[in-house]
Amino acid sequence: MDPPKKRQKRHTETTLLPIHPLRIKPSGNALLAKTNARPGGLGYMNTIPDELLLDILAHLEARHLQLLGACSKALYAFTRFDELWKTLTVEEKPAHVKQQWRGTWRRTYLQLPEEKTARFSVPHLYSDVLYRPYFCSQVDVCQFMKHNANTIARLPNMTLDEFHHQWTNTPFILTEPVSQWPAYEKQWDLKKLAEEYAEVEFRAECVDWPMKTYLQYTENNVDESPLYLFDRDFERKTKLKEEYILPDVFTEDYFAVLGDERPDHRWLIAGPQSSGSTFHKDPNSTSAWNAVLTGKKYWIIFPPDQLPPGVYVSEDQAEVTSPVSLAEWLTGFHREARREAGCLEGICEAGEIIHVPSQWWHLVINLTPSVALTGNFIAKNNLRKALRFMRDMPDQVSGFRKVEDPYALFVKRMEQEHPIELKNALEEMEWEDEAKRKKVEAKASSGWTSLTENIGGFSFGFGGDDEGLEDEE
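Below, the structure is given as structure tokens:
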């Protein structure tokens, strides 16, 4: 087995453009270039936009990509685009991939050692589509953490009563509880996890890999969006369940009434520098806690009704559109986001735990290789939000297994164990529904009154023949 290669040193300034391994340059350079490899290298395909060309190539098998790439340097550059090989790897799941990561998806799929990879450049090929993913993979995310002015509140600890009265719907970081966990004292970093659970498979987005292979990946990849390990079955696979005790503020969880039928709610999360999650709201209108065991994470958070810059949602909020990678969002929207009045940000260090309230937008980035535990819960003051979400957006409810009607099941169990809390929450929902209905009716009535007053005595009809004759005279 080849030893993993060290990840290339990241550029610390976004104004310094890193050199692409094939020496491909951004499209703008073509304006002053005397030579362009694209027309001669692509032939008739030169008329096809880069994005469409890659879409076409995505339908080819691996051997066809290799054959096409042998036709010219320009085609080699396009067929070596690593996302093509990532797709092949994920779809075909070749067994050898789980045993050794070789630095890129192409080399891993083809079992190709780095020293046997063709070494030539295409300095006269200009393409933003091919260049930008590599550029984003080299951005130093730590440079964006300077001059942090919108700081998330930091507290040593908190009582459940304080949480109920002041903090249920406010982000905060607790600095003391996690430092007392055995899981923190054992310093579970990626290397230690790989030593202890080398052959145990964990879920990292689109792949299930042994921890030893995932460690190889984290130490040597140039992905624009590095794979983020996010495993819901870690308590079954490891001994970590015995090594952490939640602070009191996070132990109240109404989803607990569902027992084994509750949705997924706790995960082991880990990843290299620059990995993380783009802007999202947590599932089923739950709140979340996130405890860092090793490394450190940057958080930027917005209130529920304030859409972060660069993020767009469909009318029913089922679809969220944002930049492909965290680096792309940082370089394009981070400065603007910091100027927003509702923006909050902070760094959660090892031994600290952050609270993300229900329905708040948040983005998280690993500033260093990190390992953390996270969980979702329904706090007392947010029961109404969760009930409304499950009732009104059943197609967006997630994490349940073999439960046909999560809302009905949840209401039934709450009636059995917390009838007063359920009654109060449902009554609040009825009041909100009635207020909303009256508001809609008032708006409709106001609109109709305004319309009838404006049109006055107007009537629509065709003029007679006499009017036409008079006009001609």
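Each residue of the sequence shown is one higher than the one before, starting from 1 at the first, in full-length UniProt numbering.
The beta carbon of each residue, even a glycine, is placed where N, CA and C say it ideally should be.
When the Cα atoms are used, residue 164 and residue 82 turn out to be separated by approximately 49 Å. Look at residue 385 here: in three-state DSSP terms it is helix. For residue 154, the three-state secondary structure derived from DSSP is strand.
The region 206-214 and the region 302-320 do not touch, with fewer than three beta-carbon pairs separated by less than 8 Å. With fewer than 16 other beta carbons inside 10 angstroms of its own, residue 260 counts as exposed.
Beta-carbon to beta-carbon, residue 249 and residue 160 are separated by about 6 Å, close enough to satisfy the 8 Å threshold.
Contact annotation: residue 266 and residue 121 have beta-carbon atoms that are not nearer than 8 Å. Under the three-state reduction of DSSP output, residue 172 falls in the strand class. Residue nearest to residue 363 within the set 29, 299, 186 is 299 (criterion: CA-CA distance). Cα atoms of residue 111 and residue 401: separation of roughly 37 Å, rounded to the nearest angstrom. Using a 10 angstroms sphere on the CB of residue 223, the tally of other CB atoms reaches 16 or more, which defines it as buried. Excluding its 5 nearest sequence neighbours in each direction, residue 379 has C-beta neighbours in its own chain below 7 Å: 168, 252, 287, listed in chain order. Non-local beta-carbon contacts of residue 329 in its own chain, meaning distances under 8 Å to residues more than five positions away in sequence, involve 278, 279, 310, 322, 323, 363 in chain order. Counting along the chain, the unbroken alpha helix (DSSP H) around residue 334 starts and ends at 326-338. In the displayed model, residue 167 falls within a helix according to three-state DSSP. Minimum Cα-Cα distance from residue 416 among the listed residues 256, 285, 404, 443 corresponds to 256.
Non-local C-beta neighbours of residue 35 in its own chain, meaning closer than 7 Å and more than five positions away in sequence, comprise 124, ordered along the chain.
The alpha-carbon of residue 187 is positioned some 11 Å away from that of residue 372. For residue 188, there is no enclosing alpha helix (DSSP H), as DSSP gives it neither H nor E. Residue 52 is classed as exposed because its beta carbon has fewer than 16 other beta carbons within 10 Å across all chains shown.
About 11 Å separates the beta carbon of residue 325 from that of residue 141, a gap too long to meet the 8 Å contact definition. In this structure, the straight-line span from the alpha carbon of residue 382 to that of residue 420 is close to 15 Å. Residues 144 of the same chain have their beta carbon placed closer than 6 Å to that of residue 334, with the five preceding and five following residues left out of the count. The alpha carbon of residue 263 has as its nearest neighbour, out of 392, 399, 33, the alpha carbon of 399. Look at the beta carbons and you see the region 64-78 not touching the region 174-188: under three pairs across the two are nearer than 8 Å. Within the DSSP secondary-structure output, residue 287 pairs in a beta bridge with 377.
Look at the UniProt domain "F-box" (42-88) and you find these whole runs of alpha helix (DSSP H), each 4 residues long or longer: 50-57, 62-69, 73-79.
Here residue 280 is bridged, per DSSP, to 362.
The DSSP-derived three-state label of residue 23 is coil. Ranked by Cα distance from residue 231, the first of 268, 55, 178, 175 is 268. Residue 405 counts as exposed, since fewer than 16 other C-beta atoms from the protein chains shown sit within 10 angstroms of its C-beta. Inter-residue distance for residue 384 and residue 284 is about 12 Å (C-alpha atoms, whole angstroms).
Between residue 76 and residue 94 the beta-carbon gap is near 22 Å, outside 8 Å, which marks them as no contact.
Take residue 409, set aside five residues on each side of it, and the residues of its chain with a beta-carbon closer than 8 Å to its own are 258, 261, 403, in chain order. Excluding its 5 nearest sequence neighbours in each direction, residue 301 has C-beta neighbours in its own chain below 6 Å: 171, 344, 360, 362, listed in chain order. Boundaries of the alpha helix (DSSP H) around residue 128: 128-137.
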